[in-house]
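Everything below concerns the one structure shown next.
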Amino acid sequence: MVLGDIPDMEHRGQIDSPFTGIDTRQDDFTIVIPVLNEEKGIGRVLEEAKREGYKNVLVIDGYSSDKTASIASMNGAKVIFQSGLGKCGAIKTAIEHVRTTYFVVMDGDCTYDPRDIQNFFPHMKANDEVIGFRSSGRNNISMLNRFGNWIISSFFNVLFGTNLKDVCSGMYTLRTDFARMLDLKSSAFEVEVEIAAQAASEGRVTQVPIRYNSRLGQQKLHPWKHGLQILSTVLNLARYYNPVLLFSFASASTMVPAAIILFWVLLESLNGIWHGGLALFAIMLAMSSLLALTVSTISVLLKRMERRILRKISSL
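The numbering of the sequence shown is the numbering used here, which starts it at 1 and goes up by one.
Okay, structure coming up:
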């Protein structure tokens with residue numbers, strides 16, 4: 001069976017995973033849907049979740065001014081009004097109320113498909129977080145958002161030593177016991193990278209492909225404003241969770257100005273002008289950069305070794 005081609009089943013309370021050969025029950029999952037004025041999409045999302053056999057659904061409402069809460073209630077979801085601000089406040093509120101072993105977070109605007117939740121099943125026992133990377137339907141993401149997501153994911157991977165394709169994805173699953181240990185301090189859409197950073201620091205995060213559909217309702221993500229906030233959050237998280245690699249990488253970047261200075265000094269020397277002091281400064285800068293690069297490489301290797309040890313311990 002190919003991921004994304006989900007067969008229709010009459011009885012979906014239990015699915016035998018083709019990847020692991022173990023049974024995963026849908027009753028082990030709670031669907032958490034943070035919403036704010038999503039009356040156009042929330043009913044359809046809940047209908048699809050119900051059709052797939054999911055009974056535990058929490059709609060965390062950020063005090064919508066439209067009919068979102070009443071539509072959710074009429075569709076059988078448990079509606080809880082969030083405490084705190086933004087999406088982070090919604091996630092914190094959900095963590096307090098989830099009673100199942102795992103929960104999956106998805107938006108209420110029909111961009112994510114409840115049929116994809118079973119893609120996460122085989123990987124939850126071995127990971128604290130499984131992120132759904134948007135592999136199909138990427139045409140529904142604007143080019144600016146795709147570029148911004150690529151920049152953020154690339155920075156995240158360099159600073160945390162991961163290989164994640166979509167750290168800004170709004171669909172991901174968490175082990176509830178791990179989620180209760182999270183120290184979330186963000187306020188808006190950067191909560192996704194904050195969770196991923198804490199999962200990556202433990203070496204227990206992976207990814208699976210999911211679909212991405214066109215949204216129903218008004219978009220709340222502002223590419224430039226929230227993109228810069230998320231990028232700033234990634235740097236702050238790296239400073240907290242992986243400071244050696246961050247500062248070593250920053251120091252190693254001084255190789256670029258060192259190379260430029262040395263090249264300029266070389267050109268000047270061809271004209272009979274020698275800048276001895278500047279040449280010495282550039283050489284010292286280059287040597288410092290090489291040292292920082294060595295430290296960052298060792299840091300990455302140690303991080304990988306730590307992950308392997310943690311995986312072996314978790315498998316015991």
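All residues carry an ideal CB built from backbone N, CA and C; glycine is no exception.
Predicted model only: the values in this text are computed from it and were never measured.
Put residue 176 into one of helix, strand or coil per three-state DSSP. Sequence index remark: in the sequence shown, residue 176 carries index 176 (1-based). Of the three classes helix, strand and coil, the one that applies to residue 176 here is helix, per DSSP.
Rounding to the nearest angstrom, what Cα-Cα distance links residue 192 and residue 150 in this structure? Position 192 of the sequence shown, counting from 1, holds the residue named residue 192. Position 150 of the sequence shown, counting from 1, holds the residue named residue 150. Their backbone Cα atoms lie some 15 Å apart in a straight line.
Report the residue from 83, 254, 44 whose alpha carbon sits nearest the alpha carbon of residue 74. Within the sequence shown, numbered from 1, the residue matching residue 74 stands at position 74. Of the candidates 83, 254, 44, the one whose C-alpha sits nearest the C-alpha of residue 74 is 44.
Contact between the segment 98–107 and the segment 26–37 (3+ Cβ pairs under 8 Å): yes
May I ask which residues mark the beginning and end of the beta strand (DSSP E) holding residue 186? Against the sequence shown, residue 186 aligns to sequence position 186. Careful: residue 186 lies outside any beta strand (DSSP E) and carries neither H nor E.
Taking DSSP as the reference, what is the three-state secondary structure of residue 68? Here residue 68 corresponds to residue number 68 of the sequence shown, with the count starting at 1. Residue state, collapsed to three classes: helix.
Run of the alpha helix (DSSP H) containing residue 133, from where it starts to where it stops: Position 133 of the sequence shown, counted from the first residue, corresponds to residue 133. That residue, residue 133, is in no alpha helix (DSSP H); its beta strand (DSSP E) goes 129–136.
Exposure label - residue 273; buried when at least 16 CB within 10 Å: Against the sequence shown, residue 273 aligns to sequence position 273. By the neighbour-count rule (16 or more Cβ atoms within 10 Å), residue 273 is not buried but exposed.
As assigned by DSSP and simplified to three states, the class of residue 27: The residue labelled residue 27 in the question sits at position 27 within the sequence shown. Residue 27 falls in the helix class under three-state DSSP.
How many whole angstroms separate the CB atoms of residue 176 and residue 98, which I take to be in contact at a CB cut-off of 8 Å? Position 176 of the sequence shown, counted from the start, is the residue given in the question as residue 176. Position 98 of the sequence shown, counted from the start, is the residue given in the question as residue 98. Correct: roughly 5 Å between the Cβ atoms.
If you run the structure through DSSP and keep just helix, strand and coil, what is residue 309? Within the sequence shown, numbered from 1, the residue matching residue 309 stands at position 309. Here residue 309 sits in helix by DSSP.
Sheet register partners of residue 257 (DSSP bridge): Within the sequence shown, the letter at position 257 stands for residue 257. Paired residue(s): none; residue 257 is not in a bridge.
Can you list, in chain order, the residues of its chain with a C-beta nearer than 6 Å to that of residue 318? Leave out the 5 residues immediately preceding and following it. An answer regarding residue 318 cannot be provided, because it is not within the stretch 1 to 316 covered by the chain.
Need the endpoints of the beta strand (DSSP E) that residue 210 sits in, please. Within the sequence shown, the letter at position 210 stands for residue 210. It spans 205–211 - the beta strand (DSSP E) in which residue 210 sits, taken as one unbroken run.
Among 130, 38, 65, 72, which residue has its Cα nearest to the Cα of residue 56? Within the sequence shown, residue 56 is the residue found at index 56, counting from 1. Minimum Cα distance to residue 56 is reached at 72.
So, is the C-beta of residue 210 closer than 8 Å to a C-beta in chain C? The chain inventory of the structure shown lacks chain C, comprising one protein chain alone.
Sub-8 Å separation of residue 268 and residue 196 beta-carbons: The residue given as residue 268 occupies position 268 in the sequence shown. The residue given as residue 196 occupies position 196 in the sequence shown. Taking 8 Å as the Cβ cut-off, residue 268 and residue 196 do not qualify as a contacting pair.
Candidates 135, 91, 213, of which the one nearest residue 190 by Cα: Stepping through the sequence shown from its first residue, residue 190 is reached at position 190. Nearest option by C-alpha distance: 91.
Thinking just about the alpha-carbon of each residue, which of 210, 167, 262 is nearest to the one in residue 199? Within the sequence shown, numbered from 1, the residue matching residue 199 stands at position 199. The shortest C-alpha separation from residue 199 is found at 167.
So what's residue 58 in DSSP terms, helix, strand or just coil? The residue labelled residue 58 in the question sits at position 58 within the sequence shown. Correct three-state label for residue 58: strand.
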